[in-house]
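Using my numbering, read the sequence shown as starting at 301 and increasing by one per residue.
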Amino acid sequence: MQFYCLKCRAKKELEKFEETVMKGRMGERRAAKAICPDCGTKLFRILGKVEKPAEEPKSEKQETEQKTEEKTEQEDKQEAQEELKKESDDFDEI
Ligand SMILES: [Zn+2]
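Below you can see the structure in the form of structure tokens.
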């Protein structure tokens, strides 16, 4: 995986990296983190949105129910719209 080290100002092709999940306002994002072999700086690279497998049982999603943005893009549109009504205060960006 290619990282960019700000200290070396150079691209680094690293085989050793760790995948992690970053939680932000826009939802969860996959990221890769590594350490520059030359200067020891932590390198981060955002990989993209976390795509949840469709087979995942719905009962487990209850804890992450606030994140309706991802749902609207996918299957349960009606369900998501009802959630939006409840939480309309939080969605002034839409
Ligand atoms: Zn470096």
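Where a beta carbon is used, it is the ideal one built from N, C-alpha and C, also for glycine.
Discussion item. Please tell me whether, using a cut-off of 7 Å, the distance from the CB of Thr-341 to the nearest non-hydrogen atom of ligand 2 is below it.
Written reply: No copy of ligand 2 appears in this structure; the ligands present are ligand 1.
Item to complete: Mark Cys-305 as exposed unless 16 or more other C-beta atoms lie within 10 angstroms of its C-beta, in which case mark it buried.
Response: buried
Worksheet item: Is Phe-344 buried or exposed, if buried means 16 or more other CB atoms sit within 10 Å of its CB?
Response: exposed
Worksheet item: Secondary structure at Glu-319, three-state DSSP: helix, strand or coil?
Response: strand
Practice prompt. Given a cut-off of 8 Å, decide if Arg-329 and Val-350 are closer than it, judged by their beta-carbon atoms.
Written response: yes
Worksheet item: Is the beta carbon of Ala-334 less than 8 Å from the beta carbon of Glu-319?
Response: no
Discussion item. Let me make sure I understand the geometry here. Which of Phe-303, Met-322 and Gln-378 has the alpha-carbon closest to that of Glu-313?
Written reply: Phe-303
Discussion item. Quick check: the Cα distance between Cys-339 and Lys-323, rounded to an integer number of angstroms?
Written reply: 27 Å
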